[in-house]
Amino acid sequence: MVDDLVRRFEVSAQTIRKDLNDLCDQRLLTRIHGGAIVASGTENLAYEARRFVAAEEKKAIGAAAAAEIPNGSSLFINIGTTTEEVAAALTGHENLLVITNNLNVAMMLYRHPHIEVVVAGGSVRRADGAVTGSTAIKLIGQFKVDYAIIGASAIDEEGALLDFDYREVQAAQAIIANARSIMLVCDSTKLRRSAAVRIAHLSQIHTFVTDTALPPALQEICNSRG
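Using full-length UniProt numbering, the first residue of the sequence shown is number 1, and each one after it goes up by one.
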């Protein structure tokens, strides 16, 4: 963030903004409100940093996605800060069954009397409360739900949905395979990032909730899918 860099380097905010703009022009960074993020790489941002990136956009995406989920539904909610915003917006729903491999989602929802929560077992990633591994995938495979709420770390220009951790991707693919309707929730910074592991393709998604108009190639994929 600009304020953090000002304190660290003891220079003006104007200087930092100019440097960030220069780095973004070189496609080494991507601007976000109040700062910038690494545009690509082999490792994701830390969980607390991801929560801060596009926070208002994620909250709006979460509310819009939750509005598409009717009462009485069963759903998977995957790992991710945007999927957590969907969970936060579901607390007023009734008669939901939520299966998740995200401990943060489980902690948000388990107290609500009209929401039944099933947590996938397995290895817990200390950084963000994600549950991955064969045990989690096996439990996911025991369900066939109405909706899957998934995120992605990046979306490339050809429509590939990408992430950084192949174990997380395996769980996401199991979720996609066992849901009748797939909802992707991603803010627009994901269109300017890169990651190494393929989750799925945009053409496999039934609903895409985001915060900006898509580039023409991705619009065409969505239009062709309806």
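Each residue gets a CB set at the ideal place from its N, CA and C atoms; glycine is no exception.
Presumed contact (8 Å Cβ cut-off) between residue i and residue j, rounded CB distance
| i | j | result |
| --- | --- | --- |
| K58 | T81 | 6 Å |
| A88 | M108 | 6 Å |
| I140 | I175 | 6 Å |
| E168 | I79 | 6 Å |
| A136 | N101 | 5 Å |
Closest by C-alpha distance to residue i, when choosing among the options
| i | options | result |
| --- | --- | --- |
| A195 | A152, L103, L20 and H33 | A152 |
| D187 | H114, T83, A177 and V117 | T83 |
| residue 229 | P113, V118, E94 and H93 | Not covered by the structure: residue 229. The range shown for the chain is 1 to 226. |
| N95 | E157, N101, N102 and L75 | L75 |
| P216 | L139, G159 and V11 | G159 |
| T207 | K144, A66 and N101 | A66 |
| N178 | Q170, E157 and F143 | F143 |
| S73 | R125, E116, N21 and E56 | E116 |
| H114 | V197, D128, G129 and T91 | T91 |
| E157 | D128, Y166, K138 and Q219 | Q219 |
| I182 | R225, G133, K138 and F164 | R225 |
| R51 | R8, A127 and D19 | A127 |
| A154 | N21, T30 and A64 | T30 |
Pair within 8 Å by beta-carbon distance, residue i and residue j
| i | j | result |
| --- | --- | --- |
| V131 | A148 | no |
| L162 | L202 | no |
| I37 | T189 | yes |
| I16 | L23 | no |
| residue 285 | E85 | Only positions 1 to 226 of the chain appear in the structure, and residue 285 is not among them; the question remains open. |
| residue 227 | L184 | Residue 227 is absent from the structure shown; the chain starts at 1 and stops at 226. |
| I32 | A49 | no |
| G34 | V11 | no |
| A200 | Q173 | yes |
| V197 | F164 | yes |
| R111 | D146 | no |
Exposure label - residue i; buried when at least 16 CB within 10 Å
| i | result |
| --- | --- |
| V98 | buried |
| G93 | Residue identity differs from the one stated: residue 93 is His in this sequence, not Gly. Looking at its Cβ environment, which holds 16 or more other Cβ atoms inside 10 Å, H93 is buried. |
| A13 | exposed |
| L28 | exposed |
beta-carbon residue i near the ligand PLP non-hydrogen atom, thresh 7 Å
| i | result |
| --- | --- |
| D4 | The ligand PLP is not part of the structure shown, which contains no ligands of any sort. |
Proximity test, Cβ basis, 8 Å: residue i and chain B
| i | result |
| --- | --- |
| V2 | The structure shown has no chain B; it contains just one protein chain. |
>> Count Cβ pairs between the segment 175 to 191 and the segment 200 to 219 that sit closer than 8 Å; are there 3 or more?
In response: yes
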